[in-house]
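Residue numbers (the numbering used here), protein chains in the order written: chain A, 1 to 674; chain B, 1 to 674; chain C, 1 to 674.
Written out below as structure tokens is the structure these notes cover.
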Amino acid sequence: MEKLLYGAAYYDEYMPKERLEKDMQMMQAAGMNVIRIAESTWASEEPEEGVFDFSHVERAIKAAADHDIYVIVGTPTYAIPPWLAAKYPEIIAVTEDGPGKYGARQNMDITNPHYRFYAERVIRKLMETVQKYDNVVGFQLDNETKHYHTAGKHVQELFVRHLKQEFGTVEEMNREFGFNYWSNRVDCWENVPDVTGTINGSFLAEFEKFRRGLVTEFLLWQRKIVDEYRRPDQFVTHNFDFEWRDYSFGVQPEVDQWKAAQAVTTAGCDIYHRTQDELTGKEASFCGAINRSLKKDNYFILETEAQGHVGWTPYDGQLRLQAFSHLANGADSVLYWHWHSIHNSFETYWRGLLGHDMQENRPYREAMTIGADFARLSPSLLHLKKHNRAAILVSNEALTALSRLPMFPLPGGEVLYNDVVREYHDALYELNVECDVVSVSESGVSELLAGYDLVVAPALYSVPEEVLRALEQYVENGGHLVMSYKGGYANEYLTVYPDTKPHILHKCFGMRYQEYTIPQKVSLKDDLFEVSKEGRDCTVWMELLMPAGAESLAVYEHPYWGAYSAITKHAYGKGTAIYVGCHITPEYTKELMRYAVKEAGIQEPAQQAEFPVVIRSGRNQRGKQIHYYFNFSSDTREQEYLHADAQELLSCRSMTTGECFVLEPWGMAIFEEC
Amino acid sequence: MEKLLYGAAYYDEYMPKERLEKDMQMMQAAGMNVIRIAESTWASEEPEEGVFDFSHVERAIKAAADHDIYVIVGTPTYAIPPWLAAKYPEIIAVTEDGPGKYGARQNMDITNPHYRFYAERVIRKLMETVQKYDNVVGFQLDNETKHYHTAGKHVQELFVRHLKQEFGTVEEMNREFGFNYWSNRVDCWENVPDVTGTINGSFLAEFEKFRRGLVTEFLLWQRKIVDEYRRPDQFVTHNFDFEWRDYSFGVQPEVDQWKAAQAVTTAGCDIYHRTQDELTGKEASFCGAINRSLKKDNYFILETEAQGHVGWTPYDGQLRLQAFSHLANGADSVLYWHWHSIHNSFETYWRGLLGHDMQENRPYREAMTIGADFARLSPSLLHLKKHNRAAILVSNEALTALSRLPMFPLPGGEVLYNDVVREYHDALYELNVECDVVSVSESGVSELLAGYDLVVAPALYSVPEEVLRALEQYVENGGHLVMSYKGGYANEYLTVYPDTKPHILHKCFGMRYQEYTIPQKVSLKDDLFEVSKEGRDCTVWMELLMPAGAESLAVYEHPYWGAYSAITKHAYGKGTAIYVGCHITPEYTKELMRYAVKEAGIQEPAQQAEFPVVIRSGRNQRGKQIHYYFNFSSDTREQEYLHADAQELLSCRSMTTGECFVLEPWGMAIFEEC
Amino acid sequence: MEKLLYGAAYYDEYMPKERLEKDMQMMQAAGMNVIRIAESTWASEEPEEGVFDFSHVERAIKAAADHDIYVIVGTPTYAIPPWLAAKYPEIIAVTEDGPGKYGARQNMDITNPHYRFYAERVIRKLMETVQKYDNVVGFQLDNETKHYHTAGKHVQELFVRHLKQEFGTVEEMNREFGFNYWSNRVDCWENVPDVTGTINGSFLAEFEKFRRGLVTEFLLWQRKIVDEYRRPDQFVTHNFDFEWRDYSFGVQPEVDQWKAAQAVTTAGCDIYHRTQDELTGKEASFCGAINRSLKKDNYFILETEAQGHVGWTPYDGQLRLQAFSHLANGADSVLYWHWHSIHNSFETYWRGLLGHDMQENRPYREAMTIGADFARLSPSLLHLKKHNRAAILVSNEALTALSRLPMFPLPGGEVLYNDVVREYHDALYELNVECDVVSVSESGVSELLAGYDLVVAPALYSVPEEVLRALEQYVENGGHLVMSYKGGYANEYLTVYPDTKPHILHKCFGMRYQEYTIPQKVSLKDDLFEVSKEGRDCTVWMELLMPAGAESLAVYEHPYWGAYSAITKHAYGKGTAIYVGCHITPEYTKELMRYAVKEAGIQEPAQQAEFPVVIRSGRNQRGKQIHYYFNFSSDTREQEYLHADAQELLSCRSMTTGECFVLEPWGMAIFEEC
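Take a look at the structure:
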């Protein structure tokens, strides 16, 4: 598809009355050119066991074709029909919380052989049905696949098989997991206790890793089936998603997306976020950083809100701003979930573009402008490529450790892994420093890191020694590293390294520490950054840093802990290494990142502006630089144009460096350099 | 019983020592003329399977007779004996939360055939025993019957049978419930999934309706048994209750009391409420409105607190105020629960009239004055009849939708159905506008509505089209309607009406809306009512109303939503229709209701006073107007007498219109017009 | 051991690398002379069923011996190996919350015969192994034994057997428990319902008492086994602990420690508490009072924190202050839990003396000073004996009633039994009035009470009549009693006494009450004590006291309750009795206790100082008076020496009465009178 895709998920099956032709007309009128169908409607496609009925699927594909609308067909496997649950109740996953019940989607044991048998059959029938249609441009494997906390007997057996492969002997496992503790030591594989009762963090973390592996295996299995049918011009994607905090927040805990992305040709995801006064573009930026990383290429927004949650009814302009900010982050599509608002069942109030009255409304009218602009500007905006100089290093294992394990020490669960990651990401975002994400689980981490001037490693708690050595090497070779508290504390099995901290890196940081505590009335002293009093507060965690060569960027303000450093900087080899020993405020994080960016020699015109003015850049297909200027606020803003002379694409006005222009509330401008 | 009943529940079985004669003497001395016995003491009545012992029951009846005390005998079926639970463990209901355990009352599967067999037997034995006693004036069927969340295999089977009857075919059910969603579509009745796992709101709501039906069926079954024994002069009642929020708050979610009341000859209920500085009379008023509606007649207060909860120890005068305010709302009795305070088990601190020392105390001394006044004033106060001009339209189905379903959109569960209902009721109460309650489930709703000048329909979310048409007709014929947000949004199966909102009524309201959201920093502008700034806050929910003929009573104060109306008024036919598009404060609700009452032409003398002075009126048996003037505050108040010349019954003083008199703290006056 | 013990729990089994010799050297260098081993490592000692390997145990004992370090050997039974759980899954206790899972420690059914069989075998094998070592100075039975909420079928059967013994007939049980209530009346022992479903407080409380008995039985059983092997010079102890509120707070609810202590020769316990700005010494004082009471002798601190919880990293000086305050309360040992910080599993962040890097650190350096001082001062500080004049009367049954039962009336669960007990204890502590603890379950309570000038009975809700009579006798004979609200309200089965309150004692208190409520805007009037306005607040509970002979120390300030007394004092016989009818503030409690102490004629020099200066005294082995002066604050304090002329032991300086000296922040001085 050499054009931007704009559209929505479409469910003819859910309509309260005949709407297909009317809907396709309305979509076409709005410039929409793609629908996403079929996923989650297994019971409509196979209403009885072995009885298949794809008439609704074909009907939708044909109607779409009549209106020049592409179709992405999803396999329907993430929600099973009642007859299947009735026949094989064991398909519903037993989880840590006990047996499940039929009703919701995404509650099956994805390892269950019966489930696999029926899922394969319906996928094959569906593929046979849709392969003949030209306007089917691609396939989506399942939807937001997770392990759904499957933890029954069968999964436990698979897990023990995994442990055997991982450790060879129980002795080795006992040693790595510290199973001597509280008499957990295992004498033979048969006696490995049910992991759902364990209090051993290493054992639990390994189980989480194993379950993330189940997701990868499941998607690869679906990919293989789909590949038997698809044409070479059809893509395969998956609707990945994020840690959910009533909106898309951070790295997904249940999937190693870098591994699972082997199953797709194009990365895809859904993303939901707050709007109105809380629309910031931060989630879209984080989403882009993750998704560009999965296939090192552009990606699809397969689902995002038009109206979504009842609290998110968009202000005028916000729907446009959302759509274009996805493009600015490297997306090649924007699809809403969903076209219309559902009239009953569960997601009645997770609203689509149309409301319950299914009539033209304010959001639809705004969508019409987006569709028109997408169509017109597609040649300039499609396939935007980035060359970012900063990266954030993330890890599913550290996420597990610092979010999911009751035995982790961060007090009260108030700050979790993704909070720390987002705090650093958001600081860079507010500074208009675009950044990528690198995952510890990617192959060739060393090589990947070498491509950046600045690497930020937040909350990288559990990490193999080779990654720590790679980071040391990175600095030695001239890289600039910022690592936060708890970094490199434990190995990949969550066993704390039993020596000087930070493990391996203490020379690189020119600092070590032995003690840590929860800050009570502690703040940072000797502020380089002129941060406000409240901005200097330490909360949640503090390490008592003892510099040995490093410079103190900040020490603690406290009668007893004042003797220790809070943030250190150290020149090491050709690079520098900054260590942040405590949890700091967003305000302080931003100033520290401003400092680190400068140290790393990153200096781009965009940095002259700051949030709520957000600037995103890249190179388009014809090799021209594109710059998006967004206004994430309700205020009209006069903004200087900071890049080389260009054409503003929305107004078709030419623009000279240094010229001023107006950004309307929640408005934007798009520049293509001459 | 042509006299006011005053008494208490009495449990000889629970006494720590022989007390019967002493207690009867004390009751008689206090003017008490009724006790309520036997309910909940099955294990005393049938200590072993098939061994019956009603000696305590008879003993109490005889002792009461000796002291001219009537007896209401309750069937003992709401708590089963240990031997029955041991023999048939399946009698304990399996609920949504899993299997129950023996111990508490009200935890059985009321559909269980074994339970029914033994319950019937003990009821018959009890009836045989007590039918010979003259002072047994009536019977209470079971107690506070609910469905107790019974949801086991047997209930699921009954529910599927109900679905078959309701829908005929699975196809029809699939369509009504939107079962295509998330692959929930059912292929045959055998495969209808266990409702306890569902995420389908329509399915759940239907189950709740079905379970309310179980309660009706159960009480009708008991009535039939009791009818075989009772004399024509004996009444049958039931102790209905209210939604419980640590006190009696609103419409009962688990019972359709209008349907269930078919099983009784006289409505009855229990009511508990806060006292001390929080005694307002609002719960007594709401209680009266519901109970007068059930049999269109007077009703019994079968249980209310003397001391009750430890936080409710009454101030001097409050026990009197409570007792008379029930009469003022149309009750013919006041019975305390219970006579004495229990010395152990569960409700040790749910206190009776006597404390644990079982000696004369302050509350008992106040009860003596009540008993004396009841006896003296019975001819004037018994059978008070109301002719109210305002009504509140309520619905168990809307209650289910807006209180019990996790998929409902009101954010955070902070405001539920009964909150909205109570807000409108309480506003009328504070204005001294007496109102009735009409339920959507009553037959002849149209005719019922026609009797009122003002109908208020708060939070009437799910409602059949015929009710919406009846409301339209009501306005067209000259009625005055106030409807709140979400009104008429979905049908009786909780399926949102897929067209212009408000469904059917948009012409009547001269307004439609397409969008809604959660108000953030939103208030009401252009206030007609001079309400304070805080009083104009919008919270929880707001609809963006677009008048088409209607007048805006208020628009939103907000940079983006300011273009929309919040409250509209429209003349339609001979009547007017007010629509309130958002959740408003109690202060604003009161002013809006003052306005609506005026529009509806309701103008009574009582409206010249306002809470905490509360005035309730009615006609007594000899056709005279009775006016209660209550002071719900700790302040002494000078009050003008607003009605026609009358006799004050407590002081036996005559009173002229316009004359002033003193209301003591928590004091009152009762006037009988000449 | 005629010397102070100083050491740590040591787990060679948990070490990430070979450390034994290095650790023993470091311990010896720090003056540590004892380690505690083997408890909780069953799976290391019996890695497969019937295969025993005590090499780690012996290795540790031998290494310790080489460094003049004693060893306390713990039986390993509080955590079972996976093979045992796999073979007998029923060993994992079924609790009120349902079946448990293998994983955690302390989750077994301690009555399970299989568990007992294997536990006995491993204990015997261990004892056989270690009995030959001279440096094994004693044994610890199990660890922190509780009933672990065991409540399965087998336990229910044992409980019914217990009920038969207690009551003889079901009729008697029905009567005592008030089983007529809600139809709970039982017809035969076979039909006694599963206690886990009950709503009967008496039944539940009896079950709690029964389960506390299981702990006693279990420890006596272990003692008997150990006694077959131990030498006469070896002690037997147990690691008792406290109610846990994220630190050691109050009386342990699951164990009757006075009964269970029959199983040991020396009392022992663990204690954990907050530090930094929240280090007060109050927990150490309460710990001492309980433990001195168990065997009427000195006791061991078997576990306390060096660093412990991440929030408790100690300030400089605090580790010393903690160690010596235990000695000052009568402890003969201080052992840390544990030597090093664990590198994985569950308690990774429940830190030992050494951190994860296992290197010398700040806490270790402070421990070196403690070890040196302990060694030097042992002759003066060992076996400190107290002769206190005040005692607090506690009760496990009252604790159950006022903490564990949902039917108890204290609102919201905000104030529980131990809160009240601690409030009175802490007030005495702050006044430097040392007190003992007496338990209602001790034999000879009358005699024990007679030894004190002042007895405080806080929240003594459920108590047999003989104890109430003993208290009356105590006052009559000249004792001074302070009893708080709810005192003596119910009998040992939690049945409220059905007569004048306070039961039995109303004459002694010269007062009775009939009513009570939750105070809302209520405070105390006519303050004798010049307490601040906030300090006079009443919360949680208030009784409306009616003096009949007693003097009002305070009445309520409230428009309605102002007629009643809040605190009364009455001269009775040769003594006085103070009754506190409401929950008062810590500030008011302190002033009231100051008054009560004075009334009781207790006047010691220590009372001239006040918290944060804390003074603890006693007589050492050579009959000399020892006085500890502690500074529990960050401020340097000038303090007058208040006792007879003495030698300051740390500085070896002599000190005269009235002389001033400096207490450093978190500092101390120890005086031995000449």
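Note that beta-carbon positions come from the ideal geometry of N, C-alpha and C, so glycine has one too.
Are any of the Cβ atoms in chain C nearer than 8 Å to that of residue 675 of chain B?
-> Only positions 1 to 674 of chain B appear in the structure, and residue 675 of chain B is not among them; the question remains open.
Excluding sequence positions up to five away, which residues of its chain have a Cβ less than 6 Å from the Cβ of residue 642 of chain A?
-> 605, 608
If I'm right that residue 237 of chain B touches residue 266 of chain B with Cβ under 8 Å, what's the distance once you round it to whole angstroms?
-> 5 Å
Which residues, in order along the segment 486-510 of chain C, keep a beta-carbon less than 7 Å from a beta-carbon of chain B?
-> 494, 495, 496, 498, 499, 500, 501
Exposed or buried, residue 151 of chain A, counting other C-beta atoms within 10 Å across all chains shown (16 or more means buried)?
-> buried
Report the residue ranges of all alpha helix (DSSP H) runs contained in full by the segment 277-317 of chain A; include only those spanning at least 4 residues, in chain order.
-> 282-295
From this set, A/278, A/578, A/275, A/300, which residue's C-alpha is nearest residue 287 of chain A's C-alpha?
-> A/300
Counting pairs of Cβ atoms below 8 Å between the segment 432-445 of chain A and the segment 387-407 of chain A, do you hit three or more?
-> yes
With a Cβ-Cβ cutoff of 8 Å, do residue 420 of chain A and residue 484 of chain A count as a contact?
-> yes
Unbroken stretches of the alpha helix (DSSP H), 4 residues or longer, contained in the segment 165-233 of chain B | 170-177, 201-227
Check distances from the C-beta atoms of the segment 556-569 of chain A to those of chain C and list, in chain order, the residues that come in under 8 Å.
-> 559, 560
Secondary structure of residue 631 of chain A, DSSP reduced to three states | strand
Output the boundary residues of the alpha helix (DSSP H) element that contains residue 495 of chain B.
-> Unbroken run through residue 495 of chain B: none, as it is neither H nor E.
Out of B/384, B/296, B/534, which has the shortest C-alpha to C-alpha gap to residue 623 of chain B?
-> B/384
Answer yes if the segment 142-151 of chain A comes into contact with the segment 206-221 of chain A, meaning at least three C-beta pairs across the two stretches below 8 Å, and no otherwise.
-> yes
Whole-angstrom C-beta distance between residue 481 of chain C and residue 578 of chain C, which should lie under 8 Å | 7 Å
Terminal residues of the continuous alpha helix (DSSP H) containing residue 125 of chain C?
-> 113-130
Proximity below 8 Å, CB of residue 270 of chain A to CB of residue 241 of chain A | yes
If you follow the beta strand (DSSP E) that residue 419 of chain C is part of, which residue opens it and which one closes it?
-> Looking at the DSSP string, residue 419 of chain C is not in any beta strand (DSSP E); the run it does join, the alpha helix (DSSP H), is 417-430.
In three-state DSSP terms, what is residue 268 of chain C?
-> strand
To which residues of the same chain is residue 72 of chain B closer than 6 Å at the C-beta, ignoring the five residues directly before and after it?
-> 36, 138, 140
Give the residues of chain C in contact with residue 185 of chain A, contact being defined as C-beta atoms less than 8 Å apart.
-> 43, 44, 47, 81, 82
Around the C-beta of residue 55 of chain B, are 16 or more other C-beta atoms found within 10 angstroms, so that it is buried, or is it exposed?
-> exposed
For the segment 84-107 of chain B, which residues have a beta carbon sitting closer than 7 Å to at least one beta carbon of chain C?
-> 85, 86, 101, 102, 103, 104, 105
Could you please give the first and the last residue of the uninterrupted beta strand (DSSP E) stretch that includes residue 374 of chain B?
-> Here residue 374 of chain B belongs to no beta strand (DSSP E); instead the alpha helix (DSSP H) covers 362-381.
At which residues does the beta strand (DSSP E) containing residue 69 of chain B begin and terminate?
-> Here residue 69 of chain B belongs to no beta strand (DSSP E), and DSSP marks it neither H nor E.
Would you say the segment 171-191 of chain A touches the segment 460-471 of chain A, given that touching needs at least three Cβ pairs under 8 Å?
-> no
Give, in chain order, every residue of the segment 338-354 of chain A whose Cβ lies closer than 7 Å to some Cβ of chain B.
-> 342, 343, 344, 345, 346, 348, 349
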